[in-house]
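Report on the following structure.
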Amino acid sequence: MINSYSYYMVHDMFSINPLLNELIGEQAFALIAKAREVQKRKGIKVISFGVGQPDFDTFPHIKEAAKKALDEGFTGYTEAAGIPELRKAIADYLNESYNARVTERNIVVTTGAKTAILLAIGAVASRESEIIIPEPTYYAYSQAAKIFGAQPVFVPMEWSRERGFKINIDKLIEKVTPKTRAIVINNPNNPTGTVYDKRDIERLLEVARENNIALISDEVYERFVYNGSFTSIASFDDWLENGILINSFSKTFSMTGWRLGYVVAHERITERLVSLAVNTYSCAPSFVQKAGIAALKGDWTPVYEMIKEFKERRDLLYKLLSEIPGFEPNLPEGAFYMFPRIQGILRKASLSEEEFSDKLLEEAGVVVVPGTAFPDKAGKGYVRFSYATSKQNIIEGVNRIKEFLEKNNYI
Ligand SMILES: Cc1ncc(COP(=O)(O)O)c(C=O)c1O
40 MINSYSYYMV HDMFSINPLL NELIGEQAFA LIAKAREVQK RKGIKVISFG
90 VGQPDFDTFP HIKEAAKKAL DEGFTGYTEA AGIPELRKAI ADYLNESYNA
140 RVTERNIVVT TGAKTAILLA IGAVASRESE IIIPEPTYYA YSQAAKIFGA
190 QPVFVPMEWS RERGFKINID KLIEKVTPKT RAIVINNPNN PTGTVYDKRD
240 IERLLEVARE NNIALISDEV YERFVYNGSF TSIASFDDWL ENGILINSFS
290 KTFSMTGWRL GYVVAHERIT ERLVSLAVNT YSCAPSFVQK AGIAALKGDW
340 TPVYEMIKEF KERRDLLYKL LSEIPGFEPN LPEGAFYMFP RIQGILRKAS
390 LSEEEFSDKL LEEAGVVVVP GTAFPDKAGK GYVRFSYATS KQNIIEGVNR
440 IKEFLEKNNY I
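Quick note on numbering: the sequence shown equals residues 40 to 450 in our numbering.
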């Protein structure tokens, strides 16, 4: 029998894994809750540049495929690696788009890119090993490294007003040690919008090959490219020797809540990744996998229309932010984020990036994400705008920011 004494004894002895205190969450998610609270308390419409998901409904033919699968009773577990038809559709897509030379055996289907990141990093990271991460970047790579007991090693990208953030591969090479297991890039990049040059990807693959390490490339924004071309790691000969590709249905098909993504790697890796997959999520939801086939094999017109709209929004936001003194945006080549430098404003206001973001939400009802949410330090002095919101919201949001800055004498 448990009396109150033994109950408390048990709880005194119960220690929580200290790793959980070390992990950080996704700031954009936390800001959704904060924005909701401000909206309710103040009764104002909050304009959010925070959220990293397209504001489009999932396209109808994809929903229909999921409904059909449900009606046909396709609701049980599937193969941990994903149903063969979906893996074949993904392989076809990559072969047609990038001449990737992969088969379904190179694919493991995941519950979104988040688990694909966990699997890819889990495939290489061991305790005390090092994972090199150019920053600013999406926060989840460093967290996945920590989960597996590895050390994230950040390499700052270099910023200029004309070119935005660009990788310096010589600086990255200096960080390679015998403990390095992988380099993780995000191309196109969240939060900077940088699209890696072909030559840089080629050199990164060479660095990986020479040092016997992996190059993990998260390409969830591969379709959101506005100027010039995009180079996937999958387009290089022998890329499977060192490359691991991460992708997702979340952004391209506006399916963030469906949770569907994938890892592509050499068979010797995917064979083992299946055991990591089955031990964490068993399989991706069955009917969602059927919807994934419809997404890849169906009509891409709505995807192209969405991207055209994003390009117009990017141009509008860039024009409006460029007109604010103290805002130094650069025109992003990809993804749907803008990452202006606002160092002068922060200095004048004596505010940290986080304090600026909180004050802007409280006083103007506008959400932006502090640059420091894209670890480690290279995002200091910047804020991230997502332009996955209407042109009307972009105009009103930027107007409110201008008024906020003027009212507080920050500009
Ligand atoms: C670069 C990057 N990778 C992965 C993800 C997570 O994608 P998913 O929703 O497919 O897990 C995001 C989401 O914002 C992202 O920006």
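Ideal Cβ placement from N, Cα and C applies to all residues, glycine included.
{"Item": "CA-to-CA distance, Ala139 to Phe275, given in whole angstroms", "Value": "8 Å"}
{"Item": "Coarse secondary structure for Arg238, derived from DSSP in three states", "Value": "helix"}
{"Item": "Beta carbon nearer than 6 Å to a non-hydrogen atom of ligand 1", "Value": "Gly91, Gly151, Ala152, Lys153, Tyr177, Asn225, Asn229, Asp257, Val259, Ser287, Ser289, Thr295 and Gly300"}
{"Item": "C-beta atoms of Phe263 and Phe378 nearer than 8 Å", "Value": "no"}
{"Item": "Range of the contiguous beta strand (DSSP E) that encloses Lys205", "Value": "Gly203 to Lys205"}
{"Item": "Nearest neighbour of Asp209, chosen from Val246, Leu390 and Phe443 [CA to CA]", "Value": "Val246"}
{"Item": "Element boundaries [alpha helix (DSSP H), containing Glu213]", "Value": "Ile208 to Glu213"}
{"Item": "Phe275 in three-state terms, based on DSSP", "Value": "coil"}
{"Item": "Ile172, enclosing beta strand (DSSP E) - first and last residue", "Value": "Glu169 to Glu174"}
{"Item": "Those residues which DSSP pairs with Ala221 across a bridge", "Value": "Ile170 and Ala253"}
{"Item": "Where Arg380 falls: helix, strand or coil (DSSP)", "Value": "strand"}
{"Item": "Arg144 (DSSP reduced to helix, strand or coil)", "Value": "helix"}
{"Item": "Contacts around Gly300, its chain only, beta-carbon distance under 6 Å, and the 5 residues preceding and following it disregarded", "Value": "Thr149, Gly151, Ala152, Ala155 and Ser287"}
{"Item": "Outcome for Ser54 when other beta-carbon atoms lying within 10 angstroms are tallied against a minimum of 16", "Value": "exposed"}
{"Item": "Inter-residue CB distance, Tyr178 and Pro414 (contact presumed, cutoff 8 Å)", "Value": "6 Å"}
{"Item": "Buried or exposed (CB count within 10 angstroms, at least 16 for buried), Met40", "Value": "In this prediction, Met40 scores a pLDDT of 45, lower than 50, which makes its location untrustworthy; the coordinate-derived value is nonetheless stated afterwards. Burial call: exposed."}
{"Item": "The alpha helix (DSSP H) enclosing Tyr180, as first and last residue numbers", "Value": "Ala179 to Ile186"}
{"Item": "Chain-order list of residues whose beta-carbon lies under 7 Å from that of Lys329 (same chain, five-residue window excluded)", "Value": "Ala104, Ala105, Ala108 and Phe113"}
{"Item": "Assigned exposure category for Tyr116 - 16 Cβ within 10 Å defines buried", "Value": "exposed"}
{"Item": "Minimum C-alpha distance to Glu124 - residue among Asp236, Gly331, Asp239 and Gly89", "Value": "Gly331"}
{"Item": "Three-way DSSP call (helix, strand, coil) for Arg262 in this model", "Value": "coil"}
{"Item": "Same chain only: Cβ atoms within 7 Å of Gly383, ignoring 5 sequence neighbours per side", "Value": "Gly365"}
{"Item": "Ser325 - DSSP class collapsed to helix/strand/coil", "Value": "helix"}
{"Item": "Beta carbon of Val163 nearer than 8 Å to that of Thr309", "Value": "no"}
{"Item": "6 Å CB neighbourhood of Trp297 in its chain, flanking five on each side removed", "Value": "Val327"}
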